[in-house]
Amino acid sequence: MKKLINRIKTDGRVVSDGVLKVDSFLNHQVDPQLTAEMGKAFASYFGNRKITKVLTLESSGIPPAFTAAMELGVPMVFAKKQKPMTMKEDVWVERVFSFTKQIENEIHIGKAFLAASDRVLIIDDFLAHGEAALGLASIVKQAGAEVVGIGIVIEKAFQEGGEKLRNAGFDVLSLARIKSLTNQQVRFIDEE
Ligand code: G4P
Numbered sequence: 009m010k011k012l013i014n015r016i017k018t019d020g021r022v023v024s025d026g027v028l029k030v031d032s033f034l035n036h037q038v039d040p041q042l043t044a045e046m047g048k049a050f051a052s053y054f055g056n057r058k059i060t061k062v063l064t065l066e067s068s069g070i071p072p073a074f075t076a077a078m079e080l081g082v083p084m085v086f087a088k089k090q091k092p093m094t095m096k097e098d099v100w101v102e103r104v105f106s107f108t109k110q111i112e113n114e115i116h117i118g119k120a121f122l123a124a125s126d127r128v129l130i131i132d133d134f135l136a137h138g139e140a141a142l143g144l145a146s147i148v149k150q151a152g153a154e155v156v157g158i159g160i161v162i163e164k165a166f167q168e169g170g171e172k173l174r175n176a177g178f179d180v181l182s183l184a185r186i187k188s189l190t191n192q193q194v195r196f197i198d199e200e
């Protein structure tokens with residue numbers, strides 16, 4: 009997505025060889041117009057798959073998942089990292105390890121919001137090691153539902169998440185694919 013790539017070029021900051029800071033439009037402040045275009049791009053690619061639900065993980069996955077769900081005309085569900093006290097027994101739980109943050113999160117989805125008949129599009133902001141997407145896909149499978157695609161805003165293609173998901177048979181669309189972050193410079197795959 010050209011607009012997203014341009015925005016990363018102007019506003020993204022390379023924090024280290026492995027981490028890109030995009031707080032001004034994706035991870036802290038959110039750009040609604042750009043996020044709406046992300047939703048359109050996901051809906052245009054995955055739109056013919058009879059999707060019934062868009063699934064993401066709080067917090068930064070929520071805006072792009074919301075605009076994709078809006079375009080597709082289906083509900084959006086976000087997995088919660090803390091089990092709310094209003095969620096009793098009927099909850100799917102999966103452990104997700106974050107290599108970037110070096111912490112393990114438990115993610116929770118109320119069973120009422122994922123049915124065996126659901127055709128699910130998973131959306132997330134970053135794809136690094138693929139753990140978040142695999143954790144969400146595992147819950148979809150436990151529910152007897154089907155993952156029909158995975159949409160990612162920024163894929164760090166130099167880490168193994170994309171390969172892991174594609175090798176597992178998932179159709180992954182990433183709106184921006186980063187080849188490297190070395191020498192304080194963002195290099196994109198599609199621009200090679
Ligand atoms: P994975 O899910 O692909 O395995 O990725 P990983 O565990 O390594 O990433 C965990 C968290 O770190 C995620 O946020 C992800 O969005 C974020 N992250 C990974 N790489 C980058 C990066 O280069 N830049 C930025 N800004 N974030 C990155 P999270 O814990 O779910 O936090 P949030 O959604 O509440 O913001």
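What the sequence shown shows, in my numbering, is residues 9 to 200, in sequence order.
We put the CB at the ideal spot given by N, CA and C, even for glycine.
Taking C-beta to C-beta, are residue i and residue j nearer than 8 Å?
i	j	result
SER151	ALA123	Note that residue 151 corresponds to Ala in the displayed sequence, not to Ser. Contact flag set, yes.
SER146	GLU114	no
VAL128	GLU168	no
ASP133	ILE162	yes
ILE130	ILE158	yes
PHE50	ILE70	no
LEU135	VAL22	no
What is the rounded straight-line gap between the Cα of residue i and the Cα of residue j?
i	j	result
LYS91	GLY118	10 Å
PHE121	ASN191	44 Å
ILE16	VAL30	7 Å
GLU200	PHE166	Since pLDDT at GLU200 reaches only 49, below the 50 mark, its modelled position is unreliable, and no value is offered.
LYS88	GLU112	13 Å
THR18	LYS149	39 Å
THR94	THR64	20 Å
GLU97	LEU144	19 Å
SER72	ASN35	Correcting the residue type first, residue 72 is Pro in the shown sequence and not Ser. So the alpha carbons of these two residues sit roughly 11 Å apart.
LYS61	ILE160	16 Å
ILE186	SER24	14 Å
Going by CA-CA distance only, name the one from the options that's closest to residue i.
i	options	result
MET84	ARG15, GLU66, GLU97 and ASP98	GLU66
LEU28	ALA140, GLY20 and ASN14	GLY20
LYS11	PHE33, VAL22, ASP25 and VAL23	PHE33
GLY177	MET93, LEU142 and LYS187	LEU142
GLN256	ASP98, HIS137, VAL99 and PRO40	One cannot answer for residue 256 here, as it falls past the ends of the chain, which runs 9 to 200.
LYS172	ILE59, ALA140 and LEU189	ALA140
ALA76	ILE13, PRO40 and LEU135	PRO40
VAL156	GLN37, ASP179, TRP100 and ASN175	ASP179
SER68	GLN37, LYS164 and GLN193	GLN37
PHE74	MET9, LYS164 and LYS48	LYS48
* To do: Give a yes or no on contact between the region 41–60 and the region 102–112, applying the rule of three or more CB pairs nearer than 8 Å.
  => no
* To do: Go through the region 63–92 residue by residue and report every complete run of the beta strand (DSSP E) that reaches 3 residues or more, in order.
  => Given a length threshold of 3 residues, each whole run of the beta strand (DSSP E) inside the region 63–92 is given here in chain order: 84–87.
* When the Cβ atoms of the region 68–80 are set against those of the region 48–58, are three or more pairs found closer than 8 Å? -> Because the criterion of three Cβ pairs below 8 Å is met, the region 68–80 and the region 48–58 touch.
* **Start-end ranges of the alpha helix (DSSP H) lying completely within the region 109–140, minimum 4 residues** => none
* Ignoring anything shorter than 3 residues or poking outside the region 167–199, list the beta strand (DSSP E) runs there in chain order. => 180–188
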